[in-house]
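Engineer:
Numbering (our numbering), first residue to last: 1431 to 1883.
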């Protein structure tokens, strides 16, 4: 890579990755704040929120897959400066996203205890946790709207607006948590229910601010109703061909994560509590490095859309090396700080001990997870290689991860941290396959060369 190209690369990484990283970190800190405040209510409350978060994860990753499809095409269309097609992409995302999020809201709102029973048989959790899940379900549609508009903004390099909006809504959520969980400043003391209400309000406000700002400042996506839903058939056809494997990949992945959560929860409340307190930390770490994956998808996609395939390949290699290097350093810091982190939670001694071991395992595999996130979620998908990503992800999860977890936990009765370690080995398999695919160059495709607005 020439000096001029390196300068352009790091300039755009800074421009795109930093705001996305800050936004992801902000949202992860929101989750951490929720966990810390709810953590003062005891093990049952922590486990309840953890399971409710897993259920929310099912719809959120499916929507994330849809948003990823929007991002892939928006990035390439932005490379050829085709704004009309970008507006049509947003229309596709909104139609499909509303159908998915609204149906899921109905299911979870009216059958919250049924959804929780998939994860646990603990009557205390079923009795106390359902109200949190029921209230949170009302935020699914606003969250979908935020995701779709943010996908368009990021792919067109307008990344600062989502960051600033997230910063404001996180502050709002923290204040509302303080007021509604503990009943401060004359507000009612609602406990777990108060945390759910605070999160719902924050997500609705976030959605309103994002959409309002898009139209006020005439950013990409600020189009009239007719232009938004005047979708061309060639674009719709190619979008479906590329995006359905991404959605399937996300769905298969979250189903695997759901099975893992069921395994942990049925090992005992202490085990599930220990695992739950690692989720915010995992979110923060992945959020810290998610900006690189997003920047990789946008920058590589822009170059592919502009027909600069060799530059796209050079960008891909540099993103992978940068992500792995940074995540190795972050993992070392996490491992050292793990006792300090776990001590923030008001949990039993057994859950505290297990929590430290689980954080160590996560720290050891962080660089592998980040490498996979950049390759699969950013680079390979930016070239429309979604079918290969689906095959790679689903095979690793269901042929390696799930069978190993079931055997170790229910047959061989191993401790939760050892089960988590073996499950993480599937990430190593993904990394090897992904690197081979990058080197093959078969993922490099211009998806929009034959689509004109």
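A virtual CB, placed ideally from N, CA and C, is assigned to each residue, including glycine.
This one's a predicted model, so the numbers in the text were calculated from it and none came from an experiment.
For my contact list, residue 1797 and residue 1757 are in at a C-beta cut-off of 8 Å; report their separation, rounded to the angstrom.
Structural biologist: Residue 1797 to residue 1757, Cβ: 4 Å. Contact.
Engineer: Compute the beta-carbon to beta-carbon distance between residue 1788 and residue 1705, rounded to the nearest angstrom, for a pair I have assumed lies under 8 Å.
Structural biologist: Yes, they are in contact, since the Cβ atoms of residue 1788 and residue 1705 sit about 6 Å apart, within 8 Å.
Engineer: Helix, strand or coil, according to DSSP, for residue 1843 in the structure here?
Structural biologist: DSSP places residue 1843 in coil when its eight states are reduced to three.
Engineer: Nearest to residue 1456 by alpha carbon, out of 1777, 1636, 1769, 1764?
Structural biologist: Minimum Cα distance to residue 1456 is reached at 1636.
Engineer: According to the neighbour-count rule (16 or more other Cβ atoms, all chains shown, within 10 Å of its Cβ), is residue 1701 buried or exposed?
Structural biologist: So residue 1701 counts as buried.
Engineer: Around the C-beta of residue 1660, are 16 or more other C-beta atoms found within 10 angstroms, so that it is buried, or is it exposed?
Structural biologist: Exposed: under 16 other Cβ atoms inside 10 Å.
Engineer: Any idea what DSSP makes of residue 1618, helix, strand or coil?
Structural biologist: Reduced to three states, the DSSP call for residue 1618 is coil.
Engineer: Relative to the C-alpha of residue 1529, which residue among 1736, 1570, 1505, 1439 is closest?
Structural biologist: Of 1736, 1570, 1505, 1439, the residue nearest in Cα terms is 1570.
Engineer: With a threshold of 16 other CB atoms inside 10 Å of the CB of residue 1861, please say whether the residue is buried or exposed.
Structural biologist: Result: buried.
Engineer: Would you verify that the beta carbon of residue 1693 is, or is not, closer than 8 Å to some beta carbon of chain C?
Structural biologist: Of the chains in the structure shown, none is chain C; there is only one protein chain.
Engineer: Mark residue 1433 as exposed unless 16 or more other C-beta atoms lie within 10 angstroms of its C-beta, in which case mark it buried.
Structural biologist: With fewer than 16 Cβ atoms within 10 Å of its Cβ, residue 1433 is classed as exposed.
Engineer: Report the three-state DSSP secondary structure of residue 1704 (helix, strand or coil).
Structural biologist: Note: residue 1704 maps to helix in three-state DSSP.
Engineer: Buried or exposed for residue 1515, please, with buried defined as at least 16 other CB atoms from any protein chain shown within 10 angstroms of its CB.
Structural biologist: Buried, since its Cβ has 16 or more Cβ neighbours within 10 Å.
Engineer: Exposed or buried, residue 1592, counting other C-beta atoms within 10 Å across all chains shown (16 or more means buried)?
Structural biologist: Residue 1592 should be labelled buried.
Engineer: Are residue 1707 and residue 1816 closer than 8 Å when you measure CB to CB?
Structural biologist: Taking 8 Å as the Cβ cut-off, residue 1707 and residue 1816 do not qualify as a contacting pair.
Engineer: Is it the case that the segment 1665–1682 contacts the segment 1636–1653, given that we only count it when at least three CB pairs across the two stretches are under 8 Å?
Structural biologist: Contact fails: fewer than three Cβ-Cβ distances are below 8 Å.
Engineer: What did DSSP end up calling residue 1432 once you bin it into helix, strand or coil?
Structural biologist: Note: residue 1432 maps to coil in three-state DSSP.
Engineer: Determine the closest residue to residue 1597 out of 1687, 1633, 1557, 1818, with distance taken between C-alpha atoms.
Structural biologist: Nearest option by C-alpha distance: 1633.
Engineer: Over what stretch of residues does the alpha helix (DSSP H) that includes residue 1877 continue unbroken?
Structural biologist: Element bounds for residue 1877: n/a, residue is neither H nor E.
Engineer: CB residue 1623 to CB residue 1565, shorter than 8 Å?
Structural biologist: Yes; because the gap between Cβ atoms is below 8 Å, this pair is in contact.
Engineer: Between the segment 1593–1613 and the segment 1546–1562, can you find at least three pairs of beta-carbon atoms closer than 8 Å?
Structural biologist: Counting Cβ pairs under 8 Å, fewer than three are found: no touch.
Engineer: In three-state DSSP terms, what is residue 1510?
Structural biologist: Of the three classes helix, strand and coil, the one that applies to residue 1510 here is coil, per DSSP.
Engineer: Specify the secondary structure class of residue 1777 as computed by DSSP and reduced to three states.
Structural biologist: Coil at residue 1777, not helix or strand.
Engineer: Grouping DSSP H, G and I as helix and E and B as strand, with all else coil, what is residue 1883?
Structural biologist: Note that residue 1883 scores a pLDDT of 45, beneath 50, so its modelled location is shaky and nothing firm can be said.
Engineer: Is the segment 1736–1755 touching the segment 1476–1493 in the sense that three or more CB pairs, one from each, lie closer than 8 Å?
Structural biologist: Because the criterion of three Cβ pairs below 8 Å is not met, the segment 1476–1493 and the segment 1736–1755 do not touch.
Engineer: Return the chain-ordered list of same chain residues with a C-beta closer than 7 Å to the C-beta of residue 1486, the five sequence neighbours on each side being excluded.
Structural biologist: Only 1566 meet the Cβ criterion.
Engineer: Could you give the DSSP three-state label for residue 1451: helix, strand or coil?
Structural biologist: Three-state DSSP puts residue 1451 in a helix.
Engineer: Using a threshold of 8 Å, state whether the C-beta atoms of residue 1581 and residue 1643 are closer than that.
Structural biologist: No, Cβ-Cβ distance for residue 1581 and residue 1643 is not below 8 Å.
Engineer: Just the Cα atoms here: how many angstroms apart are residue 1734 and residue 1443?
Structural biologist: Those two C-alpha atoms are separated by around 17 Å.
Engineer: Counting pairs of beta carbons, one from the segment 1864–1874 and one from the segment 1835–1852, are three or more of them closer than 8 Å?
Structural biologist: No, because fewer than three Cβ pairs between the segment 1864–1874 and the segment 1835–1852 fall closer than 8 Å, the two stretches do not touch.
Engineer: Taking its Cβ as the centre, do 16 or more other Cβ atoms sit within 10 Å of residue 1763, making it buried, or is it exposed?
Structural biologist: Flag for residue 1763 reads exposed.
Engineer: Do residue 1649 and residue 1518 come within 8 Å of each other at the CB atom, strictly closer than that value?
Structural biologist: No; because the gap between Cβ atoms is not below 8 Å, this pair is not in contact.
Engineer: Could you tell me whether the segment 1714–1725 touches the segment 1522–1540, using the rule of 3 or more Cβ pairs below 8 Å?
Structural biologist: They do not touch, by the three-pair rule.
Engineer: Buried or exposed for residue 1584, please, with buried defined as at least 16 other CB atoms from any protein chain shown within 10 angstroms of its CB.
Structural biologist: Buried, by the Cβ-count rule.
Engineer: In whole angstroms, what separates the C-alpha of residue 1448 from that of residue 1594?
Structural biologist: The alpha-carbon atoms of residue 1448 and residue 1594 are separated by roughly 12 Å.
Engineer: Alpha carbon to alpha carbon, how far is residue 1748 from residue 1498?
Structural biologist: Cα to Cα, the separation comes out at about 21 Å.
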